[in-house]
Amino acid sequence: MSANPSAAKICTVEALAALRPEWKARGETLVLANGVFDVLHVGHARYLEAARALGDRLVVAVNTDRSTRAYKGAGRPVVPEAERAELIAALAAVDHVVLFDDDSAARVLETLTPDVHAKGTDYTPETIPERGIVAAYGGRSVVCGDPKAHSSSALIETIGRDR
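Just so you know, the sequence shown maps onto residues 68 to 230 in the working numbering.
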């Protein structure tokens with residue numbers, strides 16, 4: 068990653084876990100959003116801005132290249148993990164970014180215990196995979212952002228057609 072202010076927002080889950088007690092002591096609400104964020108689009112920005120509005124700090128967990136391939140299939144991601152993390156970190160709504168290599172955000176949630184786990188509108192409260200984990204430690208799962216009218220997959224398909 069290049070030496071820029073956005074790169075300073077990218078850290079490990081363990082580094083953020085060390086800061087979590089300080090945030091709790093100050094009464095700050097921690098929100099965690101997660102996703103692939105391949106081929107960044109307006110839906111991503113709206114989702115993250117809506118997630119940020121739910122608390123005082125927004126941490127975004129970004130799937131690694133390996134976990135993206137496992138989730139999205141061969142040929143994905145288009146944008147490498149370091150660049151996707153840097154792009155998300157450059158957004159004003161985002162305080163910190165972590166990369167995660169697991170098939171779900173469960174370990175990140177269990178480690179950071181955010182007050183709010185925010186997911187985009189391609190989910191409902193009942194379909195959020197990690198909702199049980201979040202409820203078990205007393206957090207809440209929330210669906211936020213604009214209606215699912217944008218997707219990286221659709222953009223990639225459109226770009227491929229236009230060649």
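Backbone N, C-alpha and C fix where the C-beta goes; we use that ideal spot for every residue, glycine too.
| task | May I ask which residues mark the beginning and end of the beta strand (DSSP E) holding Leu-145? | result | One point to set straight first is that residue 145 is Val, not Leu, in the sequence displayed. Looking at the DSSP string, Val-145 is not in any beta strand (DSSP E), and its letter there is neither H nor E.
| query | Under a Cβ-count criterion, where at least 16 other Cβ atoms within 10 Å of its own Cβ denotes burial, should Thr-180 be classed as buried or exposed? | reply | buried
| message | Let me make sure I understand the geometry here. Which of Ala-84, Leu-107, Tyr-114 has the alpha-carbon closest to that of Glu-153? | response | Leu-107
| query | With respect to the beta strand (DSSP E) encompassing Ala-185, which residues constitute its N-terminal and C-terminal limits? | reply | 183 to 186
| What are the boundary residues of the alpha helix (DSSP H) that His-163 is part of? | Not the alpha helix (DSSP H): His-163 falls in the beta strand (DSSP E), residues 163 to 167.
| field | For Arg-124: DSSP bridge partner residues | value | Leu-97
| When the Cα atoms are used, what is the spatial distance from Arg-87 to Ala-100? | 16 Å
| query | Cβ of Ala-160 within 7 Å of Cβ of Leu-121? | reply | no
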